[in-house]
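From first to last, the protein sequence lines are chains A and B.
My numbering numbers the first residue of the first sequence as 1 and each following residue consecutively.
My numbering numbers the first residue of the second sequence as 1 and each following residue consecutively.
Quick reminder that beta carbons are idealized off the backbone N, C-alpha and C, glycines included.
Contents: one structure, followed by commentary.
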Amino acid sequence: MIRLVDIHKSFGKQKVLDGLNLDIEDGKTTVIIGRSGGGKSVLLKHIIGLMKPDSGQVLVDGVDMTRLNDRDLNEIRKRFGMLFQEAALFDSMTVGENVAFPLREHGKMKEEEIWQIVADRLRSVGLSGVEEKMPSELSGGMKKRVGLARAIAMRPEIVLFDEPTTGLDPVMTEAINQLIMDTQKNFNLTCVVISHDIESIFRIGHRIAMLYEGKIIEHGTPEEIRASIDPVMVQFLSGSVEGPIVIM
Amino acid sequence: MKRISAAADQLGRAMMAAVEEMGKILLLFLSVVAWTFRPPLKARNILKQMEFVGVKSIFVVVLTGTFTGMVMALQGYHGFRMFSAESLVGSTVALGMTRELGPVLTSLMVTARAGSAMAAELGTMRVTEQIDALYVMAANPVKHLIVPRVIASVLMLPLLTVVSDFMGILGGYFVGVHLLHINEGIFVKNITKLVDLDDLYNGLIKAACFGLILSLIGCYKGFNTRGGAEGVGKATTEAVVFASITILISDYFLTAIMF
Numbered sequence: 001m002i003r004l005v006d007i008h009k010s011f012g013k014q015k016v017l018d019g020l021n022l023d024i025e026d027g028k029t030t031v032i033i034g035r036s037g038g039g040k041s042v043l044l045k046h047i048i049g050l051m052k053p054d055s056g057q058v059l060v061d062g063v064d065m066t067r068l069n070d071r072d073l074n075e076i077r078k079r080f081g082m083l084f085q086e087a088a089l090f091d092s093m094t095v096g097e098n099v100a101f102p103l104r105e106h107g108k109m110k111e112e113e114i115w116q117i118v119a120d121r122l123r124s125v126g127l128s129g130v131e132e133k134m135p136s137e138l139s140g141g142m143k144k145r146v147g148l149a150r151a152i153a154m155r156p157e158i159v160l161f162d163e164p165t166t167g168l169d170p171v172m173t174e175a176i177n178q179l180i181m182d183t184q185k186n187f188n189l190t191c192v193v194i195s196h197d198i199e200s201i202f203r204i205g206h207r208i209a210m211l212y213e214g215k216i217i218e219h220g221t222p223e224e225i226r227a228s229i230d231p232v233m234v235q236f237l238s239g240s241v242e243g244p245i246v247i248m
Numbered sequence: 001m002k003r004i005s006a007a008a009d010q011l012g013r014a015m016m017a018a019v020e021e022m023g024k025i026l027l028l029f030l031s032v033v034a035w036t037f038r039p040p041l042k043a044r045n046i047l048k049q050m051e052f053v054g055v056k057s058i059f060v061v062v063l064t065g066t067f068t069g070m071v072m073a074l075q076g077y078h079g080f081r082m083f084s085a086e087s088l089v090g091s092t093v094a095l096g097m098t099r100e101l102g103p104v105l106t107s108l109m110v111t112a113r114a115g116s117a118m119a120a121e122l123g124t125m126r127v128t129e130q131i132d133a134l135y136v137m138a139a140n141p142v143k144h145l146i147v148p149r150v151i152a153s154v155l156m157l158p159l160l161t162v163v164s165d166f167m168g169i170l171g172g173y174f175v176g177v178h179l180l181h182i183n184e185g186i187f188v189k190n191i192t193k194l195v196d197l198d199d200l201y202n203g204l205i206k207a208a209c210f211g212l213i214l215s216l217i218g219c220y221k222g223f224n225t226r227g228g229a230e231g232v233g234k235a236t237t238e239a240v241v242f243a244s245i246t247i248l249i250s251d252y253f254l255t256a257i258m259f
């Protein structure tokens, strides 16, 4: 289980996370929603140790990520995969080399085995036979699928998704949602997804958490979130400009 | 009085920032040294960078070296003619190229070509989260991105300098002997008499140092890029300016130590 305990993070005078607490259950998809620029990506970067909180704990199965040295942090990171907002594929490598990268880096596998796994992961995201293409030759949706193939290459236990459907058309959005659900089920993953897309969050989330003003103000099942009477939650889900959320 | 105080304050802050930056570059250097000796050696990455820094810079280095040697011969001839010492043109060109202009101009050209590209490439990787992706995959970015570039630059700069020295002397020979009609025998004899192998070696040591400087600064600026496209542009410009100035300043101190 991932447990975030009283996380505080500021950039200069701007408080981004202000005493945030959240439990992320194993084998489930937790979707974190909130305003643009509200600290969702910062939260995700805390979970994987790309950022350290000013105070608070990030516990992964009881181990505090914030206190680990680089070597131990890397050991824990091997249990994670992450799909970045723009996929973050290495431009200088082919699609196949991108997916093979973590396998070459950490596994002691033969090239033949590596390429078998690469083909398997690409097949599981519906992109067989693109190993030799360069990332620049792919569409946005294809890049995200390759990013997901790379994220699950090492069969991680936890996968983080940073706005996986942003910038995609409705058909591709649905395809990516379906892929997240299938991947979560097939690999029995713990998924943490950041999203703005209201339709998507109810499709893919087993749990939904609302981040507002540096804190989680609501956390529950999709049904509980839908039934919430919190004015912030109601305004966010309805997309109304009237309400407690101030537009800046 | 207030103005003077504000100016002193600004100067102090700028100096503090410069010292802080130098400290960070030194820490990056130590990290590069530590990761260089930690296996596995990323030989493929190093060879790729050697091709980029070395092989692909040959054309500009040949052009720069040749024309620098030619113009030195031309200028030297007019100066030496006043003392009827035209025979020293060849050795002057050779000394100038091997000791100074070969390593310095080669490094400046490679800074403009490859140092800027290092900053731009790493900067783009930073703003598109590719460097974060390396961290997430438990792969060290210094080992993967910076070590190959630094090793390639330190190895290739001396080789490019040899090319530059040779082309410079050849350019000087062409202008001196064929255009200005200096006696060929005296031209060559004075070169062999007045230029030591030590002059060449010291020039090559300088070139290796400049390779270290340009790659470290290029990588540092790129690696620490902030912001989007504007940040990448700023990092690239700063890398070229900062590396060029550092090369010229360190050239003085290296010369003072070596010669």
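Residues that DSSP places opposite residue i in a beta bridge
i, result
"residue 78 of chain B", "None, per the DSSP bridge assignment."
"residue 9 of chain A", "A:17"
"residue 166 of chain B", "Residue 166 of chain B pairs with nothing; no bridge assigned."
"residue 219 of chain A", "A:209"
"residue 81 of chain A", "A:159"
"residue 57 of chain A", "A:5"
"residue 64 of chain A", "A:59"
"residue 36 of chain B", "None; residue 36 of chain B has no bridge partner."
"residue 34 of chain A", "A:211"
"residue 23 of chain A", "A:3"
"residue 29 of chain A", "A:191"
Distance between beta carbons of residue j and residue i, contact taken as under 8 Å
i, j, result
"residue 111 of chain B", "residue 249 of chain B", "At roughly 14 Å, the Cβ-Cβ gap does not stay under 8 Å, so residue 111 of chain B and residue 249 of chain B are not in contact."
"residue 90 of chain B", "residue 176 of chain B", "6 Å"
"residue 64 of chain A", "residue 8 of chain A", "Contact doesn't hold; Cβ gap of about 15 Å is too wide."
"residue 243 of chain B", "residue 212 of chain B", "Their Cβ separation, rounded to whole angstroms, is 11 Å, which puts residue 243 of chain B and residue 212 of chain B out of contact at 8 Å."
"residue 105 of chain A", "residue 17 of chain B", "Not quite, the Cβ-Cβ distance comes to about 36 Å (not below 8 Å), so this is no contact."
"residue 241 of chain A", "residue 217 of chain A", "19 Å between Cβ atoms; not a contact."
"residue 222 of chain B", "residue 118 of chain B", "6 Å"
"residue 122 of chain A", "residue 131 of chain A", "7 Å"
"residue 95 of chain A", "residue 159 of chain A", "Actually they are not in contact, since the Cβ atoms of residue 95 of chain A and residue 159 of chain A sit about 19 Å apart, beyond 8 Å."
"residue 236 of chain B", "residue 153 of chain B", "About 16 Å separates the two Cβ atoms, so there is no contact after all."
"residue 69 of chain B", "residue 170 of chain B", "7 Å"
"residue 98 of chain B", "residue 160 of chain B", "Their Cβ separation, rounded to whole angstroms, is 14 Å, which puts residue 98 of chain B and residue 160 of chain B out of contact at 8 Å."
"residue 178 of chain A", "residue 29 of chain A", "Not quite, the Cβ-Cβ distance comes to about 13 Å (not below 8 Å), so this is no contact."
"residue 62 of chain B", "residue 163 of chain B", "6 Å"
"residue 146 of chain B", "residue 25 of chain B", "With 8 Å as the limit, residue 146 of chain B and residue 25 of chain B do not qualify as a contact, their Cβ atoms being about 11 Å apart."
Close-in-space but distant-in-sequence residues of the same chain around residue i (CB under 6 Å, 5 per side omitted)
i, result
"residue 102 of chain A", "153 and 154"
"residue 156 of chain B", "50, 53 and 54"
"residue 100 of chain A", "114 and 118"
"residue 148 of chain A", "83 and 125"
"residue 49 of chain A", "65 and 73"
"residue 258 of chain B", "202"
"residue 191 of chain B", "90, 91 and 94"
Beta-carbon proximity list for residue i, same chain, < 7 Å, skipping 5 on both sides
i, result
"residue 194 of chain A", "32, 40, 41, 44, 161, 162 and 163"
"residue 5 of chain A", "21, 56, 57 and 59"
"residue 23 of chain A", "1 and 3"
"residue 140 of chain A", "167 and 168"
"residue 186 of chain B", "87"
"residue 31 of chain B", "142"
"residue 213 of chain A", "18"
"residue 231 of chain B", "123, 127 and 225"
Same chain only: Cβ atoms within 8 Å of residue i, ignoring 5 sequence neighbours per side
i, result
"residue 144 of chain B", "42, 45 and 134"
"residue 97 of chain A", "90"
"residue 195 of chain B", "91, 94, 95 and 98"
Contact test: residue i Cβ vs the ligand GDP heavy atom, cutoff 6 Å
i, result
"residue 62 of chain A", "No copy of the ligand GDP occurs in the structure displayed, which carries no ligand at all."
Practice task
Flag this pair as touching only if the stretch 9-18 of chain A and the stretch 152-172 of chain A have three or more C-beta atom pairs under 8 Å; answer yes or no.
Solution key: no
Is it the case that the stretch 75-86 of chain B contacts the stretch 40-57 of chain B, given that we only count it when at least three CB pairs across the two stretches are under 8 Å? no
Tell me whether the stretch 201-212 of chain B and the stretch 87-104 of chain B touch, counting them as touching only if at least three CB pairs, one residue from each stretch, are closer than 8 Å. yes
* Taking only runs of the alpha helix (DSSP H) that begin and end inside the stretch 197-252 of chain B, which ones reach a length of at least 4 residues, in chain order? -> 197-223
- [ ] Quick one: which unbroken beta strand (DSSP E) runs of 3-plus residues sit fully inside the stretch 165-194 of chain A? Chain order, please.
- [x] 190-194
Counting pairs of Cβ atoms below 8 Å between the stretch 68-79 of chain A and the stretch 112-130 of chain A, do you hit three or more?
-> no
For the stretch 134-165 of chain A, list the alpha helix (DSSP H) runs that are entirely contained and at least 4 residues long, ordered along the chain.
140-151
- prompt: Just checking, does the stretch 88-98 of chain A make contact with the stretch 126-143 of chain B on the three C-beta pairs under 8 Å criterion?
  reply: yes
Q | Meets three-Cβ-pair contact criterion under 8 Å: the stretch 212-232 of chain A and the stretch 184-194 of chain A | A | no
Practice prompt. Note down, one range per segment and in chain order, each alpha helix (DSSP H) of at least 4 residues found wholly within the stretch 83-169 of chain B.
Written response: 89-95, 102-110, 116-127 and 130-136
Whole beta strand (DSSP E) runs in the stretch 68-132 of chain A with 3 or more residues, listed along the chain?
80-83
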